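Written out below as structure tokens is the structure these notes cover.
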Amino acid sequence: MNVQFFAHLIDLAGTSSCTVSGPADVTSLVQHLCTTYGAQLASQLLDQTGQPLHEDLFVLVNGRHIRQLQGLATPLQENDTIAFVPMVEAG
Amino acid sequence: MIQPGSESHTPNDFYARQVILPEIGQQGQTRLQQSRVLVIGAGGLGSPILMALAGAGVGHLTVVDHDIVSASNLNRQFLYTAADIGQPKATTARDRLLAYHPDIEVIALDQTFTAELARHVIPDHDLVVAAVDNRGARRLINRACYPLGKPWIDGGVRGFSGSVAVYRPGETSCYDCRFDLVEEDPMASAVDETDANSTVAPKTPAAPIGALGATASVIGSLEADLALCLLLGLGDPLQGEMLYYHGRTLDFQRIPIAARPDCPICGPHQTDPVR
């Protein structure tokens with residue numbers, strides 16, 4: 000599956016996109032990304048209790064909000080595109 | 000005649016270099032002169048937005064900002080100088096814009112943008128451009144603009160990154176829908192749309208977020224560019240997509256986001272949450 004990062008997540012992941020195989024759902028993918036890219040990215044993917052998701056982050060699977068799908072349990076296929084998009088709100 | 004310095008100029012002299020653009024011409028310039036734009040926020044984003052719209056000859060600008068100029072603003076809010084510290088931003092912005100472009104009209108509102116103010120000022124404008132720093136303000140603007148059929152443009156920055164979006168009632172999904180905020184408690188965004196006096200200022204001041212003048216200028220200029228495209232009838236370059244900018248890689252990323260068919264604000268069964 001194709002994973003895309005936006006805004007400051009690019010700095011924390013060191014890339015704007017990557018290819019991942021294996022995770023069966025969004026929760027598993029977030030855990031995989033936290034392990035792969037480390038604590039700094041994890042701090043922007045997880046909430047204050049260490050659980051997905053950070054309140055300023057939304058996740059799209061093929062352009063659709065996961066809340067409109069099955070949330071963190073949304074199943075993932077190998078040809079899916081998953082976007083991690085932070086809200087950028089300062090003015 | 001406008002007489003800055005020892006020379007006399009006509010208003011047309013100010014816009015000579017853009018009137019020769021085939022996309023504008025005299026007809027487009029007249030269209031800009033007859034346009035009315037509400038700019039909410041006169042900070043890091045508001046500065047380049049206001050400068051660009053005034054520079055292009057948008058005939059009427061209304062500027063809303065409750066804040067005063069502080070020293071920490073001056074790394075990015077290029078409308079102001081050190082001599083302006085302590086002065087109200089909206090009034091200072093108006094004076095600076097009129098010094099550059101005395102032929103346009105600028106109204107300054109040194110007050111917080113509330114639901115009540117939204118109801119009063121938005122109907123009198125063709126376009127709203129947001130340059131705010133919190134989610135509550137954006138939700139308030141969104142919920143005011145959609146029932147009125149007024150397009151609005153948003154931008155945001157964080158460090159080297161930023162994003163822009165265009166929201167067009169009847170054409171694109173709205174802010175709450177695009178960020179899937181419809182079910183969220185409005186108070187969680189620090190604004191109560193049912194309270195006419197609710198403010199857009201965060202109830203608990205957040206820790207300062209790093210901001211760069213260069214990045215704010217990029218994003219503010221993109222907002223101004225989008226505004227001019229809409230005002231000139233050149234179309235919406237984003238067509239419902241979000242645009243993200245990353246200043247360390249100079250990447251521009253566009254992302255389409257599916258609308259919620261049941262959105263109460265922009266969906267077919269929209270209500271009027273501000274009224």
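Chains as they are written, first to last, in numbering that gives the first Met the number 0: chain G, 0 to 90; chain R, 0 to 274.
Don't be surprised by glycine CBs; every beta carbon is placed ideally from N, CA and C.
In this text the structure is predicted, and so the values were computed from the model without any measurement.
With which residues is Asn1(G) paired in a DSSP beta bridge? Thr18(G) and Thr80(G)
Exposure label - Ile19(R); buried when at least 16 CB within 10 Å: exposed
For Ser69(R), name the three-state secondary structure that DSSP assigns. coil
Quick one: is Glu192(R) near chain G, going by C-beta distance under 9 Å? Residue confidence is low: Glu192(R) scores 42 on pLDDT, short of 50, so the model does not pin down where it sits. No coordinate-derived value is stated.
Tyr99(R) by DSSP, collapsed to three states: which one? helix
Would you say Gly266(R) faces chain G, with C-beta separation under 9 Å as the test? No, Gly266(R) lies away from the interface with chain G (no Cβ there is under 9 Å from its Cβ).
Which residues does DSSP pair with Gln252(R) in a beta bridge? DSSP output for Gln252(R) lists Tyr243(R) as bridge partner(s).
Chain R beta carbons: is any one of them nearer than 9 Å to that of Ile81(G)? no
Under DSSP, the beta strand (DSSP E) around Ser162(R) begins and ends at which residues? Where Ser162(R) is concerned, the enclosing beta strand (DSSP E) stretches over Ser160 to Tyr166.
Suppose contacts are defined by Cβ-Cβ distances below 9 Å. Is Asp10(G) in contact with Arg75(R) by that definition? no
As assigned by DSSP and simplified to three states, the class of Ile106(R): strand
Tell me, which residues are paired with Pro51(G) by DSSP? Leu45(G)
Three-state secondary structure (DSSP) of Asp24(G): DSSP, reduced to helix, strand and coil, places Asp24(G) within a strand of the structure shown.
How would you list, in chain order, the residues of chain C whose beta-carbon sits under 7 Å from the beta-carbon of Ser160(R)? Within the model displayed, chain C is absent; protein chains G and R are what it includes.
For Ile264(R) and Cys173(R), which I take to be in contact (beta-carbon distance under 8 Å), what is that distance rounded to the nearest angstrom? 5 Å
Checking the sheet assignment: what are the DSSP bridge partners for Thr61(R)? Leu37(R) and Ile106(R)
Check whether the Cβ of Leu44(R) lies closer than 9 Å to any Cβ atom in chain G. yes
For Gln69(G), decide whether its Cβ has a neighbour in chain R, counting only Cβ atoms nearer than 9 Å. no
What span of residues does the beta strand (DSSP E) with Val127(R) cover, start to end? Leu126 to Ala129
Residues in the same chain with beta-carbon distance under 7 Å from Ile121(R), minus the five sequence neighbours each way, listed in chain order, please. Leu37, Val127, Ala143, Cys144, Leu147 and Lys149
Where does Pro207(R) sit, in a helix, a strand or coil, going by DSSP? Residue state, collapsed to three classes: coil.
Go ahead and pull the three-state DSSP assignment for Phe13(R). helix
Please list the terminal residues of the continuous beta strand (DSSP E) segment that includes Val181(R). No beta strand (DSSP E) holds Val181(R); DSSP gives it neither H nor E.
At least 3 beta-carbon pairs within less than 8 Å: the segment 49-56 of chain R vs the segment 243-260 of chain R: The segment 243-260 of chain R and the segment 49-56 of chain R do not touch, with fewer than three beta-carbon pairs separated by less than 8 Å.
Sheet register partners of Asp153(R) (DSSP bridge): Ala164(R)
So, does the segment 10-18 of chain R touch the segment 104-118 of chain R, judging by three or more C-beta pairs under 8 Å? no
To the nearest whole angstrom, what separates the beta carbons of Ala210(R) and Gly43(R), a pair I think is in contact under 8 Å? Between Ala210(R) and Gly43(R) a beta carbon distance of about 6 Å is seen, short of the 8 Å cut, so the two are scored as contacting.
Take the Cβ of Asp123(R) as the centre, count every other Cβ of all protein chains shown within 10 Å, and call the residue buried at 16 or more, exposed below. exposed
Within the chosen definition, does the segment 42-55 of chain G reach the segment 83-99 of chain R through at least 3 CB pairs nearer than 8 Å? no
Would you please verify whether the beta carbon of Gly40(R) is less than 9 Å from any beta carbon of chain G? yes
What would DSSP say about Val120(R), mapped onto helix, strand or coil? helix
Under 7 Å by beta carbon: chain G residues contacting Tyr243(R): Simply Phe5 and Ala6.
Shorter than 9 Å from the beta carbon of Phe13(R) to some beta carbon of chain G? no
With DSSP as the reference, label Asp83(R) as helix, strand or coil. helix
Between the CA atoms of Gly239(R) and Gly266(R) - distance to the nearest angstrom: 14 Å
Measure the C-alpha to C-alpha separation of His59(R) and Gly135(R) and round it to an integer number of angstroms. C-alpha of His59(R) to C-alpha of Gly135(R): approximately 26 Å in a straight line.
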